[in-house]
Every structure is written in C-alpha cells, then in structure tokens.
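Asker: Could you have a look at this structure, given as structure tokens, before my questions?
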Amino acid sequence: MARTKQTARKSTGGKSAPSTGGVKKPHRYRPGTVALREIRRYQKSTELLIRKLPFQRLVREIAQDFKTDLRFQSAAIGALQVRRRWQGWRAGLCAVVLGGSLMCGSCPQQEASEAYLVGLFEDTNLCAIHAKRVTIMPKDIQLARRIRGERA
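Below you can see the structure in the form of structure tokens.
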C-alpha cells in the first residue's frame, strides 16, 4: 500500500483571539512566601501578639487553679497592658501571690509570657528540623522543654 501525504485540515477548536475587555486576575504569591514575610515582620516588631483581654482572662483562669478566691489589684491588671519593650529579660517571678491578691512584680507579665513562648517555639522548630521535618509536633515541644530542663 502506497503512502500518501497528509493534508492540513482547518482547526475549529483552537485558541480564540484574546479579548481586550477582560478582567486581570489578582497576583497570588506561592505557598509559604506570605508566611515567611509574616514571620520576619513579627520577629522585628515589638508590639504584643496576644490581645489584652484574652490574656487577662487566661491569667485569671490559671490563677483560679492555685487559689479560688484570688483578687487582682488594679496595678497588676495595668501591668498586663504595658506595651513597651523590656530591655533586660529577668529570670524570676513576674508576680507574687500574697494574701489573696496579686502584686505587681518587676516585669510585665504578658511580655514575659510572649517572650517565653516565642523562645520555646524557636527551640521546638529546631527539634522538628533536626528530625528532618518542617511541621512541629507535640513531641518537639516536649523535647525542647526536656532539653531546657523545665520538665523531667
């Protein structure tokens, strides 16, 4: 059987001419780009990351576990709302419970709590990376606390 040349056919389902009145799609960043930008922004910033009232409720709830009829002085509540950055982090108690009321200590409780949590999550992330993972897990937090000597 003899071979024959194929002839070009007209295509009917090809691409149409671009319309000039179309709406341009908004720019989307690749996954992780915005997350890294937010990490850098929050690491540079000095403002509090946890809202004041939820933090105040959390402090009251934790304090109820230790003593049921605990009252807070207005100065202690005011210390929770301090928004300036502490230059020398002091290891020690931020508040001392005396006689059923919370007395203000040497540093703002919320800033100290946030500094502790940020440091713990940094160590937790290093534990996850050491385990060749990028996702942190509860076992990473437990390992970080054990290495720090906070938990046996």
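One point on numbering: in full-length UniProt numbering, the residue at position 20 of the sequence shown is 20, and numbering is uninterrupted. Ideal Cβ placement from N, Cα and C applies to all residues, glycine included.
With 16 other CB atoms within 10 Å as the buried threshold, where does L49 fall?
Answerer: The residue you call residue 49 lines up with position 49 of the sequence shown. L49 should be labelled exposed.
Asker: Note down, in chain order, each residue of its chain lying with its Cβ closer than 8 Å to the Cβ of R151, except the 5 sequence neighbours on either side.
Answerer: Start at 1 with the first residue of the sequence shown, and residue 151 comes out as number 151. Contacts found: Q142, R145.
Asker: For the alpha helix (DSSP H) containing G119, list its first residue and its last residue.
Answerer: Counting from one through the sequence shown, the residue named residue 119 turns up at place 119. Its alpha helix (DSSP H) spans residues 109-130.
Asker: Taking 9 Å as the threshold (C-beta atoms), are A131 and D123 in contact?
Answerer: As a working mapping, residue 123 is identified with position 123 in the sequence shown. As a working mapping, residue 131 is identified with position 131 in the sequence shown. Cβ atoms of D123 and A131: not closer than 9 Å.
Asker: Which of helix, strand or coil does DSSP assign to R40?
Answerer: Position 40 of the sequence shown holds residue 40. Looking at R40 - three-state DSSP - the assignment turns out to be helix.
Asker: Secondary structure at R146, three-state DSSP: helix, strand or coil?
Answerer: For the purposes of this step, residue 146 is taken as residue 146 along the sequence shown, with counting starting at 1. Looking at R146 - three-state DSSP - the assignment turns out to be helix.
Asker: Can you tell me whether I3 is helix, strand or coil according to DSSP?
Answerer: By one-based count along the sequence shown, residue 3 stands at place 3. Checking the displayed sequence, the identity of residue 3 turns out to be Arg instead of Ile. Coil, per DSSP.
Asker: In whole angstroms, give me the CA-to-CA distance for Q73 and Y29.
Answerer: Counting from one through the sequence shown, the residue named residue 73 turns up at place 73. Counting from one through the sequence shown, the residue named residue 29 turns up at place 29. Rounded to whole angstroms, Q73 to Y29 spans 48 Å at the Cα level.
Asker: Have a look at F121 and A115 and give me their C-alpha separation to the nearest angstrom.
Answerer: Mapped onto the sequence shown, residue 121 falls at position 121. Mapped onto the sequence shown, residue 115 falls at position 115. Each residue's alpha carbon lies about 10 Å from the other.
Asker: Who are the Cβ neighbours of R84 in its own chain at under 6 Å, not counting the five residues just before and after it?
Answerer: On the sequence shown, position 84 is the one that residue 84 refers to. Confidence at R84 is low in this model, with a pLDDT of 34, below 50, so the placement of that residue should be treated as unreliable; the coordinate-derived value is given next. Excluding residues within five positions, none has a Cβ falling inside 6 Å.
Asker: Nearest-angstrom Cα distance between R133 and D69?
Answerer: Reading the sequence shown from its first residue, position 133 is the one you call residue 133. Reading the sequence shown from its first residue, position 69 is the one you call residue 69. Each residue's Cα considered, the two are about 45 Å apart.
Asker: Roughly how many whole angstroms lie between the Cα atoms of P138 and I147?
Answerer: Along the sequence shown, one-based indexing puts residue 138 at 138. Along the sequence shown, one-based indexing puts residue 147 at 147. Looking at the two C-alpha atoms, the distance is approximately 14 Å.
Asker: Look up residue 193 in the DSSP assignment and say whether it is helix, strand or coil.
Answerer: Shown here, the chain extends from 1 to 152; a query on residue 193 therefore has no answer.
Asker: Quick one, which of Q110, I62, G149 has its alpha-carbon nearest T46's?
Answerer: On the sequence shown, position 46 is the one that residue 46 refers to. Ranking Q110, I62, G149 by Cα distance to T46 puts Q110 first.
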